[in-house]
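Numbering (our numbering), first residue to last: 354 to 504.
Below is the structure:
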């Protein structure tokens, strides 16, 4: 697995993905969320080897691959109905040499009670290995990173 994915023009503050805009081939099948918090996009192969962001139409987005472009992406885990991310081993792959991936997890401890955030932060340009907690309430993913479940 490559540690970095080449993205033309990738910078510390990458552009917000837009429907129809190119996405990195390595992000094929990954979902991302726009700042409106209502719209999800999926990186899909359009024609031949051209990958573009397309609107993800399901009302319940769930994936084993997520793409973050800087701002926080909050996903619901197995401790909530309609989870968007599964528990288990995950790896975050920075999308530029200076990108830093981080995750803050909140777990359920009892009905209506949450743990303090468990924060994991990778070094700039380095993979972050993350164990997503079993009764995860939410996880906040951040950085210009491709997150994928390890199978």
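For glycine and all other residues, C-beta sits at the position ideal for the given N, C-alpha and C. Note that the structure is a prediction, hence the values are computed from the model and not measured.
- Relative to the Cα of residue 504, the nearest Cα in the group 492, 420, 440 belongs to 440.
- Residue 378 sits in a helix when the DSSP states are folded into three classes.
- Annotated three-state conformation of residue 502 is strand, per DSSP.
- Partner residues in the beta bridge of residue 455, as assigned by DSSP, are 474, 495.
- As the crow flies, the alpha-carbon of residue 428 is around 11 Å from that of residue 413.
- Distances from the CA of residue 490 to each of 479, 451, 445, 438 were compared; the closest alpha carbon is that of 438.
- Cβ-Cβ separation between residue 406 and residue 374: approximately 5 Å, consistent with a contact (criterion under 8 Å).
- With contacts defined as CB atoms closer than 8 Å, residue 444 and residue 457 fail to qualify as a contacting pair.
- Here residue 495 is buried. Its C-beta has 16 or more other C-beta atoms within 10 Å.
- Secondary structure at residue 480: coil, using DSSP grouped into helix, strand and coil.
- DSSP places residue 398 in the strand class (E or B) of the three-state scheme.
- Contact annotation: residue 485 and residue 430 have beta-carbon atoms nearer than 8 Å.
- In this structure residue 475 is buried. Its beta-carbon is surrounded by 16 or more other beta-carbon atoms within 10 angstroms.
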